[in-house]
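Peer 1: For my numbering, add 716 to where a residue sits in the sequence shown, where the first one is 1. Don't be surprised by glycine CBs; every beta carbon is placed ideally from N, CA and C.
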Amino acid sequence: MPACDELSRRNDEPSGGYHDRFCVGRTKGCIVTKVTATTVPDESALKPTLADADFYDAYEAPLNTAMLSPTEIFLRASRSTPRWVDDLMAIRNHIVRLFGLKDVGALKVAAKAPDAYEVGDRLGIFSIFGKTEKELLLGIDDRHLDVRVSVLKSQRNGLPHYVVSTVVHVHNLLGRVYMAPVGRIHPFVVRSMMGRAEV
């Protein structure tokens with residue numbers, strides 16, 4: 717399957733909109749999904765945790781299949797993980813093992829029915845901390861930092877869309893050192909996965 721891996725800024729979007737183009741072998745060529753930086757939604761379970769957070773961001777994209785659950789959205793996005801992200805995760809896991817931190821594995825998720833996942837289950841590199849019809853709350857707790865990720869279905873201008881929010885609480889110097897490069901790379905990873913996701 718030919719792919720367009722380049723993430724590019726739209727010239728007509730000074731506010732910071734991004735899109736990621738990927739070819740899916742159709743006669744019309746590449747599908748373009750617009751991914752835009754936004755704020756953590758007020759209705760998200762993560763909103764109250766922002767006050768003392770060390771890092772947070774949020775990105776939104778259109779939801780073409782409104783009936784998809786947040787879990788299915790995440791599964792489709794994880795299946796769209798670019799190769800370069802998998803390579804970065806492998807390097808990350810090798811390095812953190814040297815410091816006694818968790819090897820969380822790869823972002824891609826093994827095949828399983830979306831409805832089969834429950835709170836407490838493992839979903840890719842994350843554990844499920846919460847699950848409703850509108851929001852999936854994922855997370856990783858480690859001794860250097862805690863991460864929470866929300867996949868929230870919502871509406872914008874009467875049209876369905878979804879927001880992926882990330883919040884990090886750092887515990888120590890190791891966590892701050894870890895987040896120095898990760899905080900810069902993270903937006904590109906999220907935008908690329910959301911841009912490729914067939915949702």
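Where do the N-terminal and C-terminal ends of the beta strand (DSSP E) with His877 fall, by residue?
Peer 2: Translated into the one-based positions of the sequence shown, residue 877 becomes position 161. 875-886 is the span of the beta strand (DSSP E), which, as asked, contains His877.
Peer 1: Could you tell me which of His902, Gly855, Gly911, Asp858 sits nearest to Asp773, measuring between CA atoms?
Peer 2: Position 57 of the sequence shown holds residue 773. With distances taken between Cα atoms, Asp773 lies closest to His902.
Peer 1: Please confirm whether Val886 and Asp770 have their CB atoms less than 7 Å apart.
Peer 2: The count along the sequence shown starts at 1 and reaches residue 886 at position 170. The count along the sequence shown starts at 1 and reaches residue 770 at position 54. Yes, they are a contact pair.
Peer 1: For Val867 and Val880, which I take to be in contact (beta-carbon distance under 8 Å), what is that distance rounded to the nearest angstrom?
Peer 2: Taking the first residue of the sequence shown as 1, we reach residue 867 at position 151. Taking the first residue of the sequence shown as 1, we reach residue 880 at position 164. At roughly 6 Å, the Cβ-Cβ gap stays under 8 Å, so Val867 and Val880 are in contact.
Peer 1: Look at the alpha carbon of Leu762 and the alpha carbon of Val756, and state the distance between them as a whole number of angstroms.
Peer 2: By one-based count along the sequence shown, residue 762 stands at place 46. By one-based count along the sequence shown, residue 756 stands at place 40. Going by the C-alpha atoms only, they are around 7 Å apart.
Peer 1: Since Ala777 sits in a beta bridge, which residues does DSSP pair it with?
Peer 2: Within the sequence shown, the letter at position 61 stands for residue 777. Tyr878.
Peer 1: Which residue's Cα is closest to the Cα of Arg864: Gly855, Arg872, Glu914?
Peer 2: Residue 864 sits at position 148 when you count from the first residue of the sequence shown. Cα-wise, what sits closest to Arg864 is Gly855.
Peer 1: In the DSSP assignment, find the unbroken beta strand (DSSP E) run with Gly899 in it and report its ends.
Peer 2: Translated into the one-based positions of the sequence shown, residue 899 becomes position 183. Note, Gly899: premise wrong, no beta strand (DSSP E); alpha helix (DSSP H) at 889-912.
Peer 1: If distances are taken between C-alpha atoms only, which option among Thr882, Ala767, Ala782 comes closest to Arg872?
Peer 2: Locating residue 872 in the sequence shown gives position 156, counting from the first residue. Closest by alpha carbon: Ala782.
Peer 1: Rounded to the nearest angstrom, how far is the Cβ of Thr787 from that of Pro830, given a contact under 8 Å?
Peer 2: The residue labelled residue 787 in the question sits at position 71 within the sequence shown. The residue labelled residue 830 in the question sits at position 114 within the sequence shown. That belief holds up - the Cβ atoms of Thr787 and Pro830 are roughly 4 Å apart, short of 8 Å.
Peer 1: For Ala832, count neighbouring Cβ atoms within 10 angstroms of its own Cβ and tell me buried if that reaches 16, exposed if not.
Peer 2: On the sequence shown, residue 832 is found 116 positions in, with the first residue counted as 1. Exposed, by the Cβ-count rule.
Peer 1: Output needed for Gly891: all residues of its chain with C-beta closer than 6 Å, excluding positions within five of it in sequence on either side, in chain order.
Peer 2: Residue numbering aside, residue 891 sits at position 175 when the sequence shown is read from its first letter. If we look at Gly891 and ignore the five residues flanking it on each side, its Cβ neighbours are His860, Leu861.
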